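Just below is one structure, and these are the notes that go with it.
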Amino acid sequence: MRMEDYVANIMNPFRANVAKTVAFYQQLPINFIFPAHGLCFKHDNCKVALEVYQKFVDQTIKVKKIVILFSSMYGSTAKVSQIIAQGVLSAGYEPVLLNADTVEKAEISYQLFKSKAVLIGSATLNNQMMPNIDGAINYAGTLRIINGLKFGVYGGAGWSNTGVEQIVGRMNEFGAENVGTCSWILAADEQIMQQAFELGRKVALSVE
Numbered sequence: 001m002r003m004e005d006y007v008a009n010i011m012n013p014f015r016a017n018v019a020k021t022v023a024f025y026q027q028l029p030i031n032f033i034f035p036a037h038g039l040c041f042k043h044d045n046c047k048v049a050l051e052v053y054q055k056f057v058d059q060t061i062k063v064k065k066i067v068i069l070f071s072s073m074y075g076s077t078a079k080v081s082q083i084i085a086q087g088v089l090s091a092g093y094e095p096v097l098l099n100a101d102t103v104e105k106a107e108i109s110y111q112l113f114k115s116k117a118v119l120i121g122s123a124t125l126n127n128q129m130m131p132n133i134d135g136a137i138n139y140a141g142t143l144r145i146i147n148g149l150k151f152g153v154y155g156g157a158g159w160s161n162t163g164v165e166q167i168v169g170r171m172n173e174f175g176a177e178n179v180g181t182c183s184w185i186l187a188a189d190e191q192i193m194q195q196a197f198e199l200g201r202k203v204a205l206s207v208e
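Take the sequence shown: its letter number 178 is residue 178 in full-length UniProt numbering, and every next letter is one higher.
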């Protein structure tokens, strides 16, 4: 397990407690860290662990990356995700493409934890966002990782883009800030592709 995995998936809701604890233990000579719950460290690794926690407290753990999280039904949303990524890249940020149908929630949480913003793409299934997108948002949201993130939403549908609307609402509930959306019916044409590119770029530029 990466140290940051543990911080993202366990400790994020307890940032204030972590800040007090790190400040206290940085004053002491430490050779071993054996918590009742969590990762153990010894010798020089103790210093590394405290440094990771300090970055977490200072909120400097984020890097110049933007997560693109998507779930596609027939491939249209997945295809648009690649264009979104190009837009993000054009603004000087590294896109991190994550398929919610194949990537574990803990990994999604870890990547969001380090990301400057997120773009979420989902097809609409029975008037709902895709199940794995729903699950990923709820998981990261309860860990307070979404709180304060800038985000954009995109997705296709057969007749109604209620999935996109639901994602916006859910992200707002978790304290994220909507930058924009892009949606389409059936296949995404060239105009939609251009809108998707601009959305990716817009979200990336919003975190400057």
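Built from N, CA and C at the ideal position, the CB exists for glycine as well.
In this text the structure is predicted, and so the values were computed from the model without any measurement.
message: Rounded to the nearest angstrom, what separates A188 and G200 at their Cα positions?
response: Within the sequence shown, residue 188 is the residue found at index 188, counting from 1. Within the sequence shown, residue 200 is the residue found at index 200, counting from 1. Each residue's Cα considered, the two are about 16 angstroms apart.
query: How do the stretch 62–79 and the stretch 113–133 stand: do at least 3 beta-carbon pairs fall below 8 angstroms, yes or no?
result: yes
- request: Name the residue from K150, K47, Y139 whose alpha carbon lies nearest to the alpha carbon of A204.
  value: In the sequence shown, counting from the first residue as 1, residue 204 sits at position 204. Comparing Cα positions, the closest option is K150.
- prompt: Are the beta-carbon atoms belonging to V18 and F56 less than 8 angstroms from one another?
  reply: Against the sequence shown, residue 18 aligns to sequence position 18. Against the sequence shown, residue 56 aligns to sequence position 56. Result yes, Cβ atoms of V18 and F56 sit closer than 8 angstroms.
Boundaries (first-last residue) of the alpha helix (DSSP H) holding T181: Along the sequence shown, read from residue 1 onward, the residue named residue 181 stands at position 181. Where T181 is concerned, there is no enclosing alpha helix (DSSP H), although the beta strand (DSSP E) it sits in stretches over 177–185.
Local conformation of I145 per DSSP, three classes: Start at 1 with the first residue of the sequence shown, and residue 145 comes out as number 145. Reduced to three states, the DSSP call for I145 is coil.
- request: Decide if the stretch 172–181 is in contact with the stretch 146–162; the criterion is three or more beta carbon pairs, one per stretch, under 8 angstroms apart.
  value: yes
- request: Kindly indicate which three-state DSSP category L89 falls into: helix, strand or coil?
  value: Stepping through the sequence shown from its first residue, residue 89 is reached at position 89. Taken through DSSP and simplified to helix, strand or coil, L89 comes out as helix.
- prompt: By how many angstroms is the C-alpha of N127 removed from the C-alpha of G39?
  reply: Taking the first residue of the sequence shown as 1, we reach residue 39 at position 39. Taking the first residue of the sequence shown as 1, we reach residue 127 at position 127. Here the sequence assigns Leu to residue 39, which means Gly is not the residue at that position. When rounded, the distance between both Cα atoms is 42 angstroms.
Residues near A8 in its chain [Cβ-Cβ closer than 6 angstroms; skip 5 each side]: Stepping through the sequence shown from its first residue, residue 8 is reached at position 8. Excluding residues within five positions, the ones whose Cβ falls inside 6 angstroms are S109, Y110, F113.
query: Apart from the five residues on each side of it in sequence, which residues of its chain come closer than 7 angstroms, Cβ to Cβ, to R144?
result: Translated into positions along the sequence shown, residue 144 becomes position 144. Once the five neighbours on either side are set aside, the close Cβ partners of R144 are N12, P13.
task: Leaving aside the five residues before and after V88 along the sequence, list all residues of the same chain whose C-beta is less than 6 angstroms from its C-beta, in chain order.
output: Locating residue 88 in the sequence shown gives position 88, where the first residue counts as 1. Here the set comprises I66, P95, G200, A204.
- prompt: For the alpha helix (DSSP H) that F56 lies in, which residues bound it at each end?
  reply: As a first step, residue 56 must be located in the sequence shown, where it is residue number 56. Here the alpha helix (DSSP H) through F56 covers 44–58.
- prompt: Measuring CA to CA, which of Y93, M193, G92 is closest to S76?
  reply: Numbered from its first residue, the sequence shown carries residue 76 at position 76. Cα-wise, what sits closest to S76 is M193.
Length of the line joining the Cα atoms of S81 and F34: The sequence position of residue 81 within the sequence shown is 81, counting from 1. The sequence position of residue 34 within the sequence shown is 34, counting from 1. Each residue's Cα considered, the two are about 43 angstroms apart.
Residue range of the beta strand (DSSP E) that includes V22: To locate residue 22, count along the sequence shown from 1; it is residue 22. First-last for V22: 15–25, but that is the alpha helix (DSSP H), not the beta strand (DSSP E).
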